[in-house]
Amino acid sequence: MASPAALDTTIAVVTPENIAFDYQLAGPFRRLPAYLIDLGVRWGVIIIVVICLSVAGLLASFSGSSSFVIASGFILYFLISWFYGTVLETYFNGRTIGKWACGIRVIDTDGRPISGKRAMLRNLLRIADLAPPVVISSFANEAFPIYVPTGMVGLLTMVCTRRMQRLGDLAAGTMVIVDERGWRLPVAKVDDPRVPALASFFPGDYRVSRSMAKALAIYAERRHYLTPARRREIARHLAIPLIDRFEFRADIDPDLLMYALYYQVYLSDPSDEIADLGPLAGFSPLRRDQNKPQGLVGDTANPISPAVNGPPPGTASVRPTPGSESHVPDTSLLGKPLPRPQTGVSQPKGEQPPNSLQAVPRREEQR
Numbered sequence: 340m341a342s343p344a345a346l347d348t349t350i351a352v353v354t355p356e357n358i359a360f361d362y363q364l365a366g367p368f369r370r371l372p373a374y375l376i377d378l379g380v381r382w383g384v385i386i387i388v389v390i391c392l393s394v395a396g397l398l399a400s401f402s403g404s405s406s407f408v409i410a411s412g413f414i415l416y417f418l419i420s421w422f423y424g425t426v427l428e429t430y431f432n433g434r435t436i437g438k439w440a441c442g443i444r445v446i447d448t449d450g451r452p453i454s455g456k457r458a459m460l461r462n463l464l465r466i467a468d469l470a471p472p473v474v475i476s477s478f479a480n481e482a483f484p485i486y487v488p489t490g491m492v493g494l495l496t497m498v499c500t501r502r503m504q505r506l507g508d509l510a511a512g513t514m515v516i517v518d519e520r521g522w523r524l525p526v527a528k529v530d531d532p533r534v535p536a537l538a539s540f541f542p543g544d545y546r547v548s549r550s551m552a553k554a555l556a557i558y559a560e561r562r563h564y565l566t567p568a569r570r571r572e573i574a575r576h577l578a579i580p581l582i583d584r585f586e587f588r589a590d591i592d593p594d595l596l597m598y599a600l601y602y603q604v605y606l607s608d609p610s611d612e613i614a615d616l617g618p619l620a621g622f623s624p625l626r627r628d629q630n631k632p633q634g635l636v637g638d639t640a641n642p643i644s645p646a647v648n649g650p651p652p653g654t655a656s657v658r659p660t661p662g663s664e665s666h667v668p669d670t671s672l673l674g675k676p677l678p679r680p681q682t683g684v685s686q687p688k689g690e691q692p693p694n695s696l697q698a699v700p701r702r703e704e705q706r
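Under my numbering, the very last position in the sequence shown is 706; numbers go up by exactly one each time.
1) Flag this pair as touching only if the segment 381 to 390 and the segment 551 to 560 have three or more C-beta atom pairs under 8 Å; answer yes or no.
2) Since aspartate 592 and arginine 571 are thought to touch, with beta carbons under 8 Å apart, how far apart are those beta carbons, to the nearest angstrom?
3) When the Cα of serine 411 is compared with those of Thr425, Gly396, Phe422, which residue comes out closest?
4) Is the beta carbon of threonine 435 less than 7 Å from the beta carbon of alanine 458?
5) Does phenylalanine 368 pass the burial test, meaning 16 or more other C-beta atoms within 10 Å, or should it be called exposed?
6) Are the segment 414 to 431 and the segment 494 to 510 touching by the rule of at least three beta carbon pairs closer than 8 Å?
7) List the endpoints of the continuous beta strand (DSSP E) containing threonine 297.
8) Hey, which unbroken runs of the beta strand (DSSP E) at 3 residues or more fall wholly within the segment 496 to 571?
9) Identify the residues that DSSP records as bridge partners of glutamine 363: which are they?
10) Since tyrosine 486 is in the beta strand (DSSP E), which residue starts that stretch and which ends it?
11) Identify, in the order they occur along the chain, each residue of the same chain with its Cβ nearer than 6 Å to the Cβ of isoleucine 376, setting aside the five sequence neighbours on each side.
12) How would you call aspartate 518, buried or exposed, if buried means at least 16 neighbouring beta carbons within 10 angstroms?
13) At what residues does the alpha helix (DSSP H) containing proline 593 begin and finish?
14) State the DSSP-derived secondary structure class of proline 624, mapped to helix, strand or coil.
15) Can you tell me where the alpha helix (DSSP H) with aspartate 468 in it begins and where it stops?
16) Nearest-angstrom Cα distance between leucine 600 and proline 624?
17) Kindly identify the DSSP beta-bridge partner or partners of arginine 575.
18) Are the beta-carbon atoms of glycine 493 and aspartate 468 separated by less than 7 Å?
19) Near isoleucine 516, which residues of its chain fall below 7 Å by C-beta distance, leaving aside the five closest residues on each side in sequence?
20) Given a threshold of 16 other Cβ atoms within 10 Å of its Cβ, counted over all protein chains shown, does arginine 561 qualify as buried or as exposed?
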């Protein structure tokens with residue numbers, strides 16, 4: 340007999356930016372306290388305003404103060420009941436006071452922040468979710484009946500839908516999630532033409548996890564504080580699985596690979612054209628192109644040879660080994676050999692540019 344599956348309250352959402360996020364849905368036991376807090380806030384505001392109007396009418400000796408206070412109370416109740424949730428959810432990132440206190444918020448089903456139109460629609464249909472009401476009457480026959488909403492309609496729709504949506508959420512295309520403490524980092528500027536070129540070799544449907552997206556953002560923000568050796572050491576742990584999965588060359592620079600993945604996740608647009616690479620055009624970082632004549636290495640007559648035109652901007656010059664008559668030009672995408680080297684890689688004196696890569700001289704085969 341198969342064991343019963345555990346209740347899963349998480350849902351994966353792919354944003355229009357092609358980033359996958361996992362959200363935890365907010366169930367009835369999280370949303371009910373938030374609703375009660377918001378209800379108390381609304382009634383508290385109404386009572387305070389009515390009391391202030393009553394005191395002002397008495398002090399002014401206004402003869403029709405009672406009628407004015409009653410009319411003002413009804414108008415205020417209507418405005419707060421219908422627009423309290425709409426205004427707060429629109430301008431406070433899907434949160435009301437109750438939702439903020441309970442750690443939940445409202446978003447669109449595609450992961451974007453809720454808009455004003457959707458917030459108004461889901462709040463207008465709240466009265467349908469609170470049906471059917473129960474009448475509570477006292478023992479006296481002349482007592483005014485009190486209607487108490489049960490919320491059974493909203494509860495049933497939440498139980499029967501995959502995203503735990505009530506009628507207002509279904510109509511507006513929204514859902515309520517557990518609000519995790521977010522992280523915001525400024526977008527790093529990418530001005531190296533090799534980065535978009537290398538980013539184009541990642542599949543267009545490749546999606547990174549939330550933790551990977553956060554790691555890329557933090558790495559791109561702080562990489563300019565690190566030395567080139569430290570960058571390669573940090574990026575190597577994330578680059579090795581990508582090299583094996585997408586069959587990149589093993590000697591590709593892990594720092595440049597991570598920077599290219601950051602560009603593909605946060606900055607790339609399918610409609611954008613790849614920038615002009617000049618002498619770097621025609622190179623391929625894939626493993627299957629490693630032995631081709633016009634691969635990543637090229638030939639000694641290549642225009643990017645340091646002996647002819649000097650190194651490209653942002654690259655390190657390569658000195659030939661003593662006794663050799665020729666050298667290999669800087670290869671744009673190559674770095675230190677990647678396969679699990681030992682820590683503490685020595686670096687030449689002098690600080691290299693942030694995106695510089697260490698080219699490796701070609702050695703003659705020993706006979």
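Ideal placement from N, C-alpha and C gives every residue a C-beta, glycine not left out.
Everything numeric in this text was worked out from a predicted model, so none of it was measured.
Put simply:
1) no
2) 7 Å
3) Gly396
4) no
5) exposed
6) no
7) The structure shown does not extend to residue 297, since the chain spans only 340 to 706, so no value can be given for it.
8) 513 to 517
9) Thr349
10) 485 to 488
11) Gly437, Ala440
12) buried
13) 593 to 601
14) coil
15) 465 to 468
16) 14 Å
17) Arginine 575 is not bridged to any residue.
18) yes
19) Tyr362, Gln363, Leu364, Ala365, Ile443, Arg444, Ile446
20) exposed
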